[in-house]
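Below: one structure, written as structure tokens.
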Amino acid sequence: MTSRLTADAFVAELADLFARLGGLHYGEDVSQLEHALQTAHHAKLDGAPPALIAAALLHDVGHMMQKAGENAADLGVDTRHEHIGAGYLGRAFGPEVTEPIRLHVAAKRYRVAVDPAYLEGLSKASLQSLALQGGPMSEGEIAAFLAKPAAQAALRLRGYDEAGKAPDADVAGFETYRALLRNQIDRANRI
Ligand code: FE
849 MTSRLTADAF
859 VAELADLFAR
869 LGGLHYGEDV
879 SQLEHALQTA
889 HHAKLDGAPP
899 ALIAAALLHD
909 VGHMMQKAGE
919 NAADLGVDTR
929 HEHIGAGYLG
939 RAFGPEVTEP
949 IRLHVAAKRY
959 RVAVDPAYLE
969 GLSKASLQSL
979 ALQGGPMSEG
989 EIAAFLAKPA
999 AQAALRLRGY
1009 DEAGKAPDAD
1019 VAGFETYRAL
1029 LRNQIDRANR
1039 I
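With the working numbering, the residue at position 176 of the sequence shown is 1024, and numbering never jumps.
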């Protein structure tokens, strides 16, 4: 049985992570916390299922967990934050939450491969990291990506991600997602 206390503790750990490191920017106009809240907001607006809203809120936690720092991309480092984040969250959340996160960089590489105009909508930081992440996907990579069960969810997440970078957007705070996060942890039944 899932322990309520443990689920609460994990949600508290996430809240603490945003409280301590959510002010960092990673080359974007918005802070990590603002970006997370806006991305989740767009998922909600789109009527995304709760697992995808949780994924939207948490998709970049890997950025806050790594040591490479805010200017990693300037230093030419691909931090592979999508894998760090998915691995960390997998302690508590199921694949409906972690796999779109793991694939959200792949989703960008897919989109620019199939729709070059998509490049124009990317933020400067996202464009810069694209090159480090491998650039547009090859034909083989496209087929492998589309065959993954979470590919479509990752593409939806990618859209919310791009939309979640508006300076000064007024959206709901982290607290409003606590129950949803606890619910997702309970459903996964991992802790
Ligand atoms: Fe993002």
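In this text, a Cβ means the ideal position worked out from N, Cα and C, and glycines have one as well.
Remember, it's a predicted structure, so these values are computed and weren't measured experimentally.
Tell me the DSSP secondary structure of His907 in three-state form.
Residue state, collapsed to three classes: coil.
Could you check whether the Cβ of Asp1016 sits closer than 6 Å to any heavy atom belonging to the ligand FE?
Every heavy atom of the ligand FE is 6 Å or more from the Cβ of Asp1016, so no.
Compare the Cα-Cα distances from Glu944 to each of Asn1031, Asp856, Glu876 and report the closest residue.
Closest by C-alpha distance to Glu944, out of Asn1031, Asp856, Glu876, is Asn1031.
Cβ-based neighbour list, Phe858, same chain, cut-off 7 Å, excluding 5 preceding and 5 following:
Cβ neighbours of Phe858 beyond the five flanking positions: Ala940, Ile1033, Ile1039.
Alpha carbons only, please: which of Pro948, Val962, Pro984 is nearest the one belonging to Pro997?
Taking only the C-alpha atoms, the option nearest Pro997 is Pro948.
With a threshold of 6 Å, establish whether the CB of Asp1009 neighbours any heavy atom of the ligand FE.
Result yes, Cβ under 6 Å from the ligand FE.
Between which two residues does the alpha helix (DSSP H) carrying Gly935 extend?
Where Gly935 is concerned, the enclosing alpha helix (DSSP H) stretches over 929-937.
Which residue from Asp1016, Asn1037, Asp1009 puts its Cα closest to that of His890?
Comparing Cα-Cα distances from His890 to each of Asp1016, Asn1037, Asp1009, the minimum goes to Asp1009.
For a quick check, are the C-beta atoms of Leu918 and Tyr874 less than 7 Å apart?
Note that residue 918 is Glu in the sequence shown, not Leu. A contact, by the Cβ cut-off of 7 Å.
Taking the beta carbon of Asp922 as the centre, do at least 16 other beta carbons fall within 10 Å, making it buried, or is it exposed?
Its Cβ having fewer than 16 others within 10 Å, Asp922 is exposed.
Please report how far the alpha carbon of Leu1005 lies from the alpha carbon of His883, in whole angstroms.
So the alpha carbons of these two residues sit roughly 13 Å apart.
Contacting residues, own chain, Cβ-Cβ under 6 Å from Thr946 (five flanking each side not counted)
In the same chain as Thr946, and ignoring 5 residues on each side of it, the C-beta atoms closer than 6 Å to its own belong to Ala934, Leu937, Gly938, in chain order.
Hey, Leu900 and Ala1001: beta-carbon distance below 7 Å or not?
The answer is yes: Cβ separation under 7 Å.
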